[in-house]
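Numbering (this note's numbering), first residue to last: 131 to 449.
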């Protein structure tokens, strides 16, 4: 297999979402709004949790890390996509393309493990409440976050282990708005189809197995909820429902794209938009609207911020 330095392609051409000038202007406005609201919403949740003492619990610690990952996930490709709507020729350097693949799998791999950690936290809180403070202590929570990022890093490095050394001598057209492994690996000049299918489908299988594990854990939690009081059951059900909505939105597109790679369907491009733009945008909405504690803390922080900005020190002329 030829080495990385022998690759002839220095850049890739991104076809983007559409060729229509009218749609490009429309998408520019829509995605710019979505991106700004995503960054604002997740940043607000992160700052609110960090600055509110009664939210310094395992569940909200994991939630703050989810907001951080969502900000990263929405930023690895969306700003370039927004700028490319006005570009005559949408290109990205070879290193830039590889970087997008690296960060995509880093953040998605990390989020998968973090969502599993959040599911474990809810399982302990509902099924073993008397042992919750002992099991979910600070060291365990930090360890879960460290494991999440470590797994994400190992996952993305495994995906790039062969990609970096594939010979790319042309063509160099990627039918998407960012570089993703199933699209880029098809442009290699040698035929390693079986290896490619195995390497890419691994991501889909991991996502599918993780989703089934999460689904099983939520089923166990829901069965356990039936034996609790109505008030506690309602709160637990609301929290688990919010978590499962996030899980479904995140895993659905990933499973579809990576379990059946190389389909070249338009739906793949739509799903890519969904889990890189819409899901990070919806996460803060789901958690703030369905979680009364976070919603109250956010309102209090915004109110305090508003009044602090409105206060001015009166100045009187010197007599």
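For every residue, glycine included, the Cβ atom is placed at its ideal position computed from N, Cα and C.
Just so you know, these numbers come straight off a predicted model, no measurement behind them.
The C-beta of residue 152 has fewer than 16 other C-beta atoms within 10 Å across all chains shown, which makes the residue exposed. Judged by pairs of C-beta atoms under 8 Å, the stretch 265-273 does not touch the stretch 291-303, as fewer than three such pairs exist.
For the pair residue 203 and residue 376, the CB atoms are not nearer than the 9 Å cut-off. Just so you know, the alpha carbons of residue 367 and residue 337 end up roughly 24 Å apart.
In the same chain as residue 407, and ignoring 5 residues on each side of it, the C-beta atoms closer than 8 Å to its own belong to 161, 164, 165, 168, 204 and 208, in chain order.
Between the C-alpha atoms of residue 170 and residue 283 there is a straight-line separation of about 26 Å. Around the beta-carbon of residue 399, 16 or more other beta-carbon atoms lie within 10 Å, marking it buried. Here the alpha carbon of residue 223 sits roughly 4 Å from the alpha carbon of residue 141. Exclusion of the five residues before and after residue 372 leaves 416, 417, 420 and 421 as the residues of its chain whose Cβ lies within less than 8 Å of its Cβ. The Cβ atoms of residue 348 and residue 381 do not sit closer than 9 Å to each other. Residue 204 is bridged by DSSP to nothing; it lacks a bridge partner. One Cα belongs to residue 289, the other to residue 433, and the distance between them is close to 46 Å. Counting along the chain, no alpha helix (DSSP H) covers residue 315, and no H or E run does either. Using a Cβ distance threshold of 9 Å, residue 306 and residue 278 do not count as a contacting pair. Note on geometry: alpha-carbon atoms of residue 353 and residue 339 lie some 21 Å from one another. With respect to the 9 Å criterion, residue 389 and residue 334 are classified as neighbours on the basis of their beta carbons. DSSP links residue 341 through a beta bridge to no other residue.
By the neighbour-count criterion, in which 16 or more other beta carbons inside 10 Å mark a residue as buried, residue 181 falls on the exposed side. With 16 or more other Cβ atoms inside 10 Å of its own Cβ, residue 230 counts as buried. In this chain, the beta strand (DSSP E) harbouring residue 223 covers 221-223. Separation of residue 143 and residue 311 (C-alpha to C-alpha, rounded to the nearest whole angstrom) is 15 Å.
The C-alpha of residue 431 lies about 36 Å from the C-alpha of residue 232. By DSSP's assignment, residue 303 forms a beta bridge with 143. Only residues of its own chain outside the window of five on either side were considered, and among them 141, 142, 143 and 144 have a CB closer than 8 Å to the CB of residue 221, listed in chain order. Sequence-distant partners of residue 405 (beyond 5 residues in either direction) whose C-beta falls short of 7 Å from its own C-beta, in its chain, are 380, 383 and 384. Between the beta-carbon of residue 158 and that of residue 212 there is about 6 Å, and that keeps the pair under the 8 Å contact cut. By the neighbour-count criterion, in which 16 or more other beta carbons inside 10 Å mark a residue as buried, residue 321 falls on the exposed side. In terms of Cα proximity to residue 286, the closest of 189, 241, 345 and 423 is 241.
Secondary structure note for residue 285: its alpha helix (DSSP H) is the uninterrupted segment 268-293. Here residue 219 is exposed. Its C-beta has fewer than 16 other C-beta atoms within 10 Å.
Distance from residue 139 to residue 298 at the Cβ level is roughly 4 Å; contact confirmed, criterion being Cβ atoms closer than 8 Å.
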